[in-house]
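Engineer:
Numbering (the working numbering), first residue to last: 38 to 155.
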């Protein structure tokens with residue numbers, strides 16, 4: 038059962054700049070102009086329960102174990118579709134709006150990519 042499921046609607050022209058830092062920024066279609074260029078824009082959907090380290094992030098068919106969850110990830114995802122995903126394996130959530138996942142090669146996110154937390 039998935040806690041959250043969405044689709045990438047568009048990709049800002051600068052979104053891949055954060056690959057070097059192993060980061061992806063998600064934002065719903067109402068991203069402010071100053072941020073929109075740096076985001077993967079997603080459909081905002083309600084979440085179905087808490088997000089914990091017992092879950093995994095799935096982008097298309099690539100699975101990543103969740104290693105830490107910032108305290109505002111859930112409300113931000115549900116209300117704005119706005120979180121940062123950091124692919125560095127951190128086990129302590131340093132930033133409240135960041136979802137941390139295992140340190141593996143980052144996925145190639147495209148328009149229509151499916152993003153799921155399960």
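We treat Cβ as the ideally placed atom computed from N, Cα and C, and that holds for glycine.
Ignore the nearest five residues each way along the sequence and tell me which others in residue 49's own chain have a CB closer than 6 angstroms to its CB.
Structural biologist: Here residue 49 refers to the residue found at position 12 of the chain shown. Only 73, 74, 75, 76 meet the Cβ criterion.
Engineer: Where does the unbroken beta strand (DSSP E) through residue 71 begin, and where does it stop?
Structural biologist: What you label residue 71 is simply residue 34 of the chain shown in a count that begins at 1. Here residue 71 belongs to no beta strand (DSSP E); instead the alpha helix (DSSP H) covers 70 to 73.
Engineer: With burial defined as no fewer than 16 other Cβ atoms inside 10 Å of the residue's Cβ, what is the status of residue 92: buried or exposed?
Structural biologist: Here residue 92 refers to the residue found at position 55 when the chain shown is read from its first residue. It is buried - the Cβ of residue 92 has at least 16 other Cβ atoms within 10 Å.
Engineer: Could you tell me the boundaries of the alpha helix (DSSP H) in which residue 138 lies?
Structural biologist: Here the question's residue 138 lines up with position 101 in the chain shown. Unbroken run through residue 138 is the beta strand (DSSP E), 135 to 138; no alpha helix (DSSP H).
Engineer: Here's the rule I'm using: 16 or more other beta-carbon atoms within 10 Å means buried, otherwise exposed. How should residue 144 be labelled?
Structural biologist: What you label residue 144 is simply residue 107 of the chain shown in a count that begins at 1. Burial call: buried.
Engineer: Using 8 angstroms as the threshold, is the segment 98 to 109 in touch with the segment 137 to 155, meaning 3 or more CB pairs across them?
Structural biologist: yes
Engineer: Could you give the distance in angstroms between the alpha-carbon of residue 114 and the alpha-carbon of residue 128?
Structural biologist: For the purposes of this step, residue 114 is taken as the residue at position 77 of the chain shown. For the purposes of this step, residue 128 is taken as the residue at position 91 of the chain shown. Going by the C-alpha atoms only, they are around 20 angstroms apart.
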